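Residue numbers (the numbering used here): 11 to 580.
Heads up, the beta-carbon is just placed ideally off N, CA and C, and yes, glycines get one too.
Here the structure is a predicted model, which means the values were calculated and not measured.
Take a look at the structure below.
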Amino acid sequence: MTIAYLIGTEGPSKGRVIELVDLTEWIFGRDPSLSYYTIEDSMVSRRHMVIRHEDDAYFLENFSSTNPVKVDGTEIDRLYQLKEGDEIEIGASKLRFTFEKPAPVPAEEEKVSTEFTIEEPLPYRFAVKVISGPNQGAEFGLEAGKSYLIGKDPFGCDIVFQDMSVSRKHAKMELDEDGLQIEDLESKNGTFVNGEKIDAPTLLGSQDLVAVGTTSFLVIDHEESRETLYSPKETLLHPYPAEEVIAVPGDALALLQEKEKKPRNWKELLIPTRHLIVASIFALFVFFGVVSLLSLFRSEEVVAESVNSAAQIQIAVGKFPTVAFNYDKATGSLFLSGHVMTDLDMSELTYLLETVPFVSKIENTVVVDEGVWESTNALIRKNPIWKAVTIGGEGPGEFVARGYVANLADKNALQDYLDVNFPYNSHLKDEVYAEDSLRIEVTNTLYETGLASLPFEVSGGTVSLSGRISREEEKNKNSAVSTIEKIPGIRNVKDFVIVTTVSSSRVNISDKYQVTGVSKHNNKNEYVLINGRIVGEGDTLEGMLITQILDSEIYLEKDHMKYKIDYNVQ
11 MTIAYLIGTE
21 GPSKGRVIEL
31 VDLTEWIFGR
41 DPSLSYYTIE
51 DSMVSRRHMV
61 IRHEDDAYFL
71 ENFSSTNPVK
81 VDGTEIDRLY
91 QLKEGDEIEI
101 GASKLRFTFE
111 KPAPVPAEEE
121 KVSTEFTIEE
131 PLPYRFAVKV
141 ISGPNQGAEF
151 GLEAGKSYLI
161 GKDPFGCDIV
171 FQDMSVSRKH
181 AKMELDEDGL
191 QIEDLESKNG
201 TFVNGEKIDA
211 PTLLGSQDLV
221 AVGTTSFLVI
231 DHEESRETLY
241 SPKETLLHPY
251 PAEEVIAVPG
261 DALALLQEKE
271 KKPRNWKELL
281 IPTRHLIVAS
291 IFALFVFFGV
301 VSLLSLFRSE
311 EVVAESVNSA
321 AQIQIAVGKF
331 PTVAFNYDKA
341 TGSLFLSGHV
351 MTDLDMSELT
361 YLLETVPFVS
371 KIENTVVVDE
381 GVWESTNALI
391 RKNPIWKAVT
401 IGGEGPGEFV
411 ARGYVANLAD
421 KNALQDYLDV
431 NFPYNSHLKD
441 EVYAEDSLRI
451 EVTNTLYETG
461 LASLPFEVSG
471 GTVSLSGRIS
481 REEEKNKNSA
491 VSTIEKIPGI
501 RNVKDFVIVT
511 TVSSSRVNIS
521 DKYQVTGVSK
531 HNNKNEYVLI
541 NGRIVGEGDT
551 LEGMLITQIL
561 DSEIYLEKDH
571 MKYKIDYNVQ
């Protein structure tokens with residue numbers, strides 16, 4: 011068996027090697043539950059493409075109509091056989107297809123450099139530094155005398171941001187003699203400088219913050235001078251102003267010094283009112299703190315709150331009766347199984363369970379039916395004889411196959427295919443009908459009501475009746491229509507039957523035949539002479555069966571068509 015490889019060359023998958031082995035098909039997309047290989051890229055669909063291995067060859071099929079897969083730059087709209095060296099473009103990733111096993115990348119040896127490096131002067135005066143957004147950390151130098159287009163178009167812009175909120179051509183920067191200017195190019199989300207939206211060309215300075223979409227960058231001027239400002243500490247030459255320094259006589263000075271040495275009585279001390287208020291507040295805080303601490307040691311009986319975990323979980327999943335659960339109290343793990351209809355139902359179920367406080371971990375094996383029937387429909391549509399068959403859902407875990415095939419052999423082949431490829435075949439209701447069986451039932455109904463010669467068609471469950479009938483046959487036709495509408499598989503009956511009189515419902519061919527004689531028996535016409543030939547009821551005239559000979563008309567039939575010949579023999 012030939013083994014192929016996909017090697018990521020660009021985008022989120024760059025450097026990855028995908029080995030196509032052990033399976034017959036590999037689905038690539040954004041949804042890990044549906045894909046063999048998951049690509050975290052908003053431009054990639056949930057199921058974007060599939061690669062199949064058939065007859066020792068590899069085939070690629072595109073599933074995305076929004077961003078089709080490209081091979082060597084060409085969009086793929088049908089089954090494509092991959093060749094050596096084909097470059098597959100899926101979203102922002104590029105993968106190279108090869109049959110040669112890629113060699114392992116050798117680890118680079120660490121090189122210890124003992125050389126001295128001399129920092130070279132920067133080549134550009136101005137530069138922009140991205141500080142937020144998908145391109146965070148990138149830096150772009152700006153050359154004098156040039157203009158730069160900013161956007162997400164890699165072919166038309168000089169500075170490209172991989173940001174969905176940035177327009178293809180968002181803004182333009184120009185560096186000339188007057189300085190660096192920026193101008194918004196009528197972008198969808200606008201351009202902001204230092205938080206203010208600009209409507210005209212604006213001059214930028216160093217450290218200005220520019221925002222385009224969710225990406226922000228700083229303008230840096232490498233030649234701007236930066237000075238460190240400092241202020242010298244003031245020297246206090248004297249603790250008091252000069253006018254407050256007073257000369258004291260010697261005797262007074264001695265008296266003051268003696269007074270200071272004499273100890274004072276504490277009863278004579280005056281405590282300021284402000285200090286008393288602060289001390290009182292502090293004492294209150296201490297008192298309440300001690301009381302609160304003592305209250306902690308009061309003995310009270312603690313009643314354990316009983317939690318009915320099963321009942322609370324049942325309330326959360328009550329909207330989804332086909333989902334079963336098993337809760338492990340020891341680990342706080344919740345195990346889920348069953349079916350939900352859509353991804354929206356799964357999101358709602360997950361949200362409800364996250365509100366249950368005691369559930370710490372959810373093991374979710376619930377099947378989303380929508381994803382099951384979508385993937386199966388994509389498979390059966392590849393066979394043109396089943397193109398009118400689709401699989402849907404009547405409820406969670408209840409699938410139904412509806413549609414029409416040409417015959418019973420095609421229906422049996424479809425049933426065999428679903429037995430092998432549909433994982434929930436025991437829950438699949440069969441409403442696929444073979445059109446040849448429906449034609450037989452319609453034919454039998456018309457025969458039983460006496461309208462066996464009435465033309466009809468069956469297509470896609472619709473029966474179309476046509477032709478002409480007499481007024482006497484209209485009641486039988488209405489009965490036949492009511493019976494046909496009750497046949498399983500018949501969705502609609504279109505009645506195009508024209509009701510006429512017996513005579514007007516027949517094609518008049520009197521101009522081609524001349525009646526020259528008539529023979530009667532017991533007052534009833536038995537034979538007529540037409541173009542020289544004697545014929546009676548039950549005989550044929552040029553392939554037409556003579557059904558009735560009246561006094562002035564002869565009735566004939568051929569291939570469900572009715573004819574008449576008028577005559578008047580004296």
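With respect to the C-alpha of Arg135, the residue from Lys182, Gly189, Thr375 having the closest C-alpha is Gly189. Here the C-alpha atom of Asp446 lies approximately 41 Å from the C-alpha atom of Asp41. A check of alpha carbon separations from Ser357 across Tyr427, Asn336, Phe368, Phe330 identifies Phe330 as the nearest. Looking at the DSSP output, Ile192 bridges to Met183, Thr212.
Between the alpha carbons of Gly342 and Ser43 lies a gap of roughly 25 Å.
Per DSSP, reduced to three states, the secondary structure at Gly21 is helical. In the same chain as Val366, and ignoring 5 residues on each side of it, the C-beta atoms closer than 7 Å to its own belong to Gln322, Ile323, Ala326, in chain order.
Distance between Val203 and Val138, taken at the CA atoms: about 13 Å.
Counting along the chain, His285 sits inside the alpha helix (DSSP H) bounded by residues 283-305. Shown here for Asp96: same chain residues with a beta carbon closer than 7 Å to its own, the five before and five after excluded, namely Val81, Asp82, Phe107 in chain order. In this structure the stretch 153-165 touches the stretch 179-189; the number of beta carbon pairs closer than 8 Å is three or more.
Annotated three-state conformation of Thr360 is helix, per DSSP. For Thr493, the closest of Gln217, Thr455, Leu475 by C-alpha to C-alpha distance is Thr455.
Between Gln524 and Asn541 a beta carbon distance of about 6 Å is seen, short of the 8 Å cut, so the two are scored as contacting.
Counted as a single uninterrupted DSSP element, the beta strand (DSSP E) harbouring Ile575 occupies residues 571-576.
Of all C-beta pairs linking the stretch 388-404 to the stretch 358-378, fewer than three are shorter than 8 Å, placing the two stretches out of contact. About 4 Å separates the Cβ atoms of Thr332 and Pro406, confirming a contact at the 8 Å cut-off.
When only Cα atoms are considered, Asn393 and Ser385 end up about 14 Å apart. For Val399, the beta-bridge partners assigned by DSSP are Gly413. Taking the CA atoms as reference points, Val473 sits about 12 Å from Val507. Of the residues assessed, Lys485 falls on the exposed side of the cut-off, its CB having fewer than 16 other CB atoms within 10 angstroms. Contact check for Asp173 against Gly223 passes: the beta carbons are separated by less than 8 Å.
In the displayed model, Asp338 falls within a strand according to three-state DSSP.
Nearest C-alpha to Ala148 among Ala154, Val140, Gly155: Val140. Gly477 has its alpha-carbon roughly 21 Å from the corresponding atom of Gln558. At the C-beta level, Leu448 and Ala411 stay beyond 8 Å of one another. DSSP, reduced to helix, strand and coil, places Tyr565 within a strand of the structure shown. Of the candidates Asn533, Asp168, Tyr565, Glu196, the residue whose Cα lies closest to the Cα of Glu547 is Tyr565. For Gly381, the enclosing alpha helix (DSSP H) has its first and last residue at 379-390. For Ile544, the number of other beta carbons within 10 angstroms of its own is below 16, and it is reported as exposed. Fully contained in the stretch 477-507 are the following beta strand (DSSP E) runs of length 3 or more, in chain order: 478-480, 502-505.
Asp32 is the residue among Asp32, Gly21, Thr19, Phe432 whose C-alpha sits nearest the C-alpha of Thr12.
The three-state reading of DSSP puts Tyr427 in helix, counting H, G and I together. Here the alpha carbon of Glu552 sits roughly 28 Å from the alpha carbon of Thr453. Here the alpha carbon of Gln217 sits roughly 8 Å from the alpha carbon of Asp231. Residue nearest to Val442 within the set Lys397, Asp379, Thr526 is Lys397 (criterion: CA-CA distance).
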